[in-house]
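The numbering of the sequence shown is our numbering, which starts it at 52 and goes up by one.
By construction, the Cβ of each residue, glycine as well, lies at the ideal position given by its N, Cα and C atoms.
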Amino acid sequence: MARVKVKTFSNIRAVLGAEVIEVEVTKPETVGGLLEALNSKYHAFKDQIWDKNTGEIAPFLIKVNERIIRSTYDLDTPIRDGDEIAIIFPVGGG
52 MARVKVKTFS NIRAVLGAEV IEVEVTKPET VGGLLEALNS KYHAFKDQIW DKNTGEIAPF
112 LIKVNERIIR STYDLDTPIR DGDEIAIIFP VGGG
């Protein structure tokens, strides 16, 4: 089991209710496993990261410690106890 800190921004922060939360991730101890753990605990989380029309994950960046990865390709990236993960959605506007 990996216990990680998750830093949140914008709409994800609103759904999770805090700037930083701690999450326990059981198997698989991967970024994808973390997203599933967040979805299990915060049901509105899934509405933010999965496209309702396609059922696929939305493109956004994730920072595992100092390494930037992509949600659409790198969900099998391993995580370890004590890692810090940031979920970074693009900000729209005009």
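Comparing alpha carbon positions, the residue from Asn116, Gln99, Glu117 closest to Pro110 is Gln99. 9 Å or more divides the Cβ of Thr81 from the Cβ of Asp134. Note on Gly84: 16 or more other CB atoms within 10 angstroms of its CB, so buried under the neighbour-count rule.
Annotated three-state conformation of Ala53 is strand, per DSSP. Taking 8 Å as the upper bound for CB-CB distance, Arg54 and Glu70 are not in contact here, some 18 Å apart.
Straight through space, the alpha carbons of Tyr124 and Glu107 are spaced by roughly 11 Å.
Checking the DSSP bridge columns, you'll see Pro129 partnered with Thr81. Cβ-Cβ distances below 6 Å link Ala88 to Val74, Val76 in the same chain, with the five nearest sequence neighbours on each side left out; the list follows chain order. The closest CA to that of Asp132, considering only Ser61, Pro79, Ile113, is found on Pro79. Contact between Ile113 and Ile120 is confirmed by a C-beta separation of about 5 Å, below the 8 Å threshold.
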